[in-house]
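Residues in the sequence shown are numbered from 53 upward in steps of one, following the numbering used here.
Virtual Cβ for every residue (Gly too), placed ideally from N, Cα, C.
Bear in mind the structure is a predicted one, so any value in this text is a computation, not a measurement.
For reference, the structure is listed below as structure tokens.
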Amino acid sequence: MHWHSHFIDLSPVFEPFRPLAGDIETLSDWPTCQDLENLMQHVRQEVSTYSGAPVRFVSQENTANDAFEQQYEPRIYLTGEVATRPESWHDFFNALVWMTFPHAKAALNRIHYHALIHATHRNIEKRGPLRDASTLFDESGVIVLSSQKTLIELLQQHAWKKVFWEYRKTVLSSMRFMVFGHALHEKALNPYVGMTGKGIFFQVEEAFFREALVAQLQVVDRWLTDFLLQKLASNADLSPIPVLGYPGWSDENAAADYYDNAQYFRPLVRTN
Numbered sequence: 053m054h055w056h057s058h059f060i061d062l063s064p065v066f067e068p069f070r071p072l073a074g075d076i077e078t079l080s081d082w083p084t085c086q087d088l089e090n091l092m093q094h095v096r097q098e099v100s101t102y103s104g105a106p107v108r109f110v111s112q113e114n115t116a117n118d119a120f121e122q123q124y125e126p127r128i129y130l131t132g133e134v135a136t137r138p139e140s141w142h143d144f145f146n147a148l149v150w151m152t153f154p155h156a157k158a159a160l161n162r163i164h165y166h167a168l169i170h171a172t173h174r175n176i177e178k179r180g181p182l183r184d185a186s187t188l189f190d191e192s193g194v195i196v197l198s199s200q201k202t203l204i205e206l207l208q209q210h211a212w213k214k215v216f217w218e219y220r221k222t223v224l225s226s227m228r229f230m231v232f233g234h235a236l237h238e239k240a241l242n243p244y245v246g247m248t249g250k251g252i253f254f255q256v257e258e259a260f261f262r263e264a265l266v267a268q269l270q271v272v273d274r275w276l277t278d279f280l281l282q283k284l285a286s287n288a289d290l291s292p293i294p295v296l297g298y299p300g301w302s303d304e305n306a307a308a309d310y311y312d313n314a315q316y317f318r319p320l321v322r323t324n
């Protein structure tokens, strides 16, 4: 897909980027690294790594360099430099997620960095379950917020039609999805049945949904950071979320039989 400065209007998936919309819409062509730096100046909070390095978006070099400090995650942790490819929606969305959820992104980078340090010292080549889960959430994460515990439980039970159709009005008033994963954002440019995220759940007070979006994002960023650093251990801590099931996130889900597609809305498989 060519550059589209009004992409946020294409799908509710992009709603977390709404506070940056005005500045993004001034870009007539693919944003350069300098454009991303300028955009980050409008973020109301510091964007830095756990080492204290300010995050900067730099061009990805084509030259090979196997030094540990120049690997993608260590380089971010140690210098704040995020290697970014030109004219890449994937990398552009990654930059926007850094601006929107800076503490959570820094937490994921910290997890990768310390896991790589551990693996290097012990000559471990295989990625562990924590790194796998961190990568999966980084690419496809969805933050599920609800003031109704029942709705969260139904999603965890994969009772998709019940929660999205039978409880449709309650979902619209008492549940929100915030898409975190930059690969999922990229897919939302051309959405398709089968788009599935990996969810982390937070129960909130009803008043939370009346807060301004910027305030919501900042609070969620902190909650998510704590979860990633204290509770995430493996892919089992992430729940599948068929994101296009949320009411209105697809024109087709206005009909009840949309949720009868078992290839998308898969039932929970219980193991003994």
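Would you call the region 229-244 and the region 284-299 touching, i.e. three or more CB-CB distances under 8 angstroms?
In the pairwise beta carbon analysis, the region 229-244 is classified as touching the region 284-299: at least three pairs are separated by under 8 angstroms.
Would you call the region 266-280 and the region 211-219 touching, i.e. three or more CB-CB distances under 8 angstroms?
Taking a contact to require three or more Cβ pairs closer than 8 angstroms, the region 266-280 and the region 211-219 do not qualify as touching.
Taking the runs of the alpha helix (DSSP H) that are 4 residues or longer, which of them lie wholly in the region 233-281?
List check, alpha helix (DSSP H) in window: 234-239.
In terms of residues, what are the limits of the alpha helix (DSSP H) holding E191?
Translated into the one-based positions of the sequence shown, residue 191 becomes position 139. Residues 181-192.
Leaving aside the five residues before and after P319 along the sequence, list all residues of the same chain whose C-beta is less than 6 angstroms from its C-beta, in chain order.
Mapped onto the sequence shown, residue 319 falls at position 267. H210, listed in sequence order.
Any heavy atom of the ligand MN inside 6 angstroms of the beta-carbon of Y244?
Of ligands this structure carries none, so the ligand MN is not represented either.
In the DSSP assignment, the alpha helix (DSSP H) including E77 goes from what residue to what residue?
To locate residue 77, count along the sequence shown from 1; it is residue 25. No alpha helix (DSSP H) contains E77, which DSSP labels as neither H nor E.
Does P83 come out as helix, strand or coil in the three-state DSSP assignment?
Translated into positions along the sequence shown, residue 83 becomes position 31. Coil at P83, not helix or strand.
Quick one: what's got a C-beta closer than 7 angstroms to L290's C-beta in the same chain, skipping five residues either side?
One-based indexing of the sequence shown puts residue 290 at position 238. For L290, where only same-chain residues beyond five positions count, the Cβ hits under 7 angstroms are A185, L188, F189, K250, G251, I252.
Based on the DSSP secondary-structure assignment, which residues constitute the bridge partners of A135?
As a position in the sequence shown, residue 135 is number 83, starting the count at 1. Answer is V110.
Under 8 angstroms: do the region 158-167 and the region 78-94 share three or more Cβ pairs, one atom per stretch?
No: the two stretches stay apart, fewer than three of their Cβ pairs being nearer than 8 angstroms.
Looking only at C-alpha atoms, which of D303, H56, H58, L72 sits nearest to L269?
Your numbering for residue 269 matches position 217 in the sequence shown. Considering only alpha carbons, the answer is L72.
Strictly by DSSP, which residues pair up with M227?
As a first step, residue 227 must be located in the sequence shown, where it is residue number 175. Looking at the DSSP output, M227 bridges to S198.
Quick one: what does DSSP say P299 is sitting in, helix, strand or coil?
Taking the first residue of the sequence shown as position 1, residue 299 is located at position 247. Note: P299 maps to coil in three-state DSSP.
Beta-carbon separation (whole angstroms), I128 vs N161, contact threshold 8 angstroms:
In the sequence shown, counting from the first residue as 1, residue 128 sits at position 76. In the sequence shown, counting from the first residue as 1, residue 161 sits at position 109. Confirmed, Cβ separation roughly 5 angstroms.
Cα separation between K201 and G193?
Mapped onto the sequence shown, residue 201 falls at position 149. Mapped onto the sequence shown, residue 193 falls at position 141. When rounded, the distance between both Cα atoms is 20 angstroms.
Between the alpha carbons of R322 and E67, how many angstroms are there, rounded?
What you label residue 322 is simply residue 270 of the sequence shown in a count that begins at 1. What you label residue 67 is simply residue 15 of the sequence shown in a count that begins at 1. Whole-angstrom Cα-Cα distance: 34 angstroms.
In the DSSP output, what is I293 paired with across the bridge?
As a working mapping, residue 293 is identified with position 241 in the sequence shown. In the DSSP output, where bridge partners are listed per residue, I293 has G249.
Kindly indicate the opening and closing residues of the alpha helix (DSSP H) around W141.
Translated into positions along the sequence shown, residue 141 becomes position 89. Counted as a single uninterrupted DSSP element, the alpha helix (DSSP H) harbouring W141 occupies residues 141-152.
Going by beta-carbon coordinates alone, are G246 and Y316 separated by less than 7 angstroms?
As a first step, residue 246 is located in the sequence shown; it is residue number 194 there, counting from the start. As a first step, residue 316 is located in the sequence shown; it is residue number 264 there, counting from the start. In this structure, the beta-carbon distance from G246 to Y316 falls below 7 angstroms.
Whole angstroms are fine: how far does the CA of E98 sit from the CA of P106?
By one-based count along the sequence shown, residue 106 stands at place 54. By one-based count along the sequence shown, residue 98 stands at place 46. P106 and E98: Cα-Cα distance of roughly 8 angstroms.
Of the listed residues L182, R70, R220, A264, nearest to A307 (C-alpha basis)
Stepping through the sequence shown from its first residue, residue 307 is reached at position 255. Per the Cα distances, R220.
D273 and A156: beta carbons closer than 7 angstroms?
Mapped onto the sequence shown, residue 273 falls at position 221. Mapped onto the sequence shown, residue 156 falls at position 104. Pairing D273 with A156 gives a Cβ-Cβ distance under 7 angstroms.
For A259, count neighbouring C-beta atoms within 10 Å of its own C-beta (all shown protein chains included) and say buried if the count is 16 or more, exposed if not.
For this step, residue 259 is matched to residue 207 along the sequence shown. The residue in question, A259, is exposed, as its Cβ has fewer than 16 Cβ neighbours within 10 Å.
Select from P243, Y124, N287, A288 the residue whose C-alpha is nearest the C-alpha of E304.
Along the sequence shown, read from residue 1 onward, the residue named residue 304 stands at position 252. With distances taken between CA atoms, E304 lies nearest to P243 out of P243, Y124, N287, A288.
Can you tell me the Cβ-Cβ gap for V108 and E133, rounded? I've got them flagged as a contact below 8 angstroms.
Counted from its first residue, the sequence shown places residue 108 at position 56. Counted from its first residue, the sequence shown places residue 133 at position 81. In the sequence under discussion, the amino acid at residue 108 is Arg, which differs from the Val named in the question. Correct: roughly 6 angstroms between the Cβ atoms.
A119 classed as buried or exposed, judged by whether at least 16 other C-beta atoms fall within 10 angstroms
Locating residue 119 in the sequence shown gives position 67, counting from the first residue. Exposed, by the Cβ-count rule.
For L182 and T172, the rounded distance between their alpha carbons
Taking the sequence shown and counting its residues from 1, one reaches residue 172 at position 120. Taking the sequence shown and counting its residues from 1, one reaches residue 182 at position 130. Computed Cα separation, rounded: 16 angstroms.
For V65 versus A267, is the C-beta spacing smaller than 7 angstroms?
What you label residue 65 is simply residue 13 of the sequence shown in a count that begins at 1. What you label residue 267 is simply residue 215 of the sequence shown in a count that begins at 1. Contact flag unset, no.
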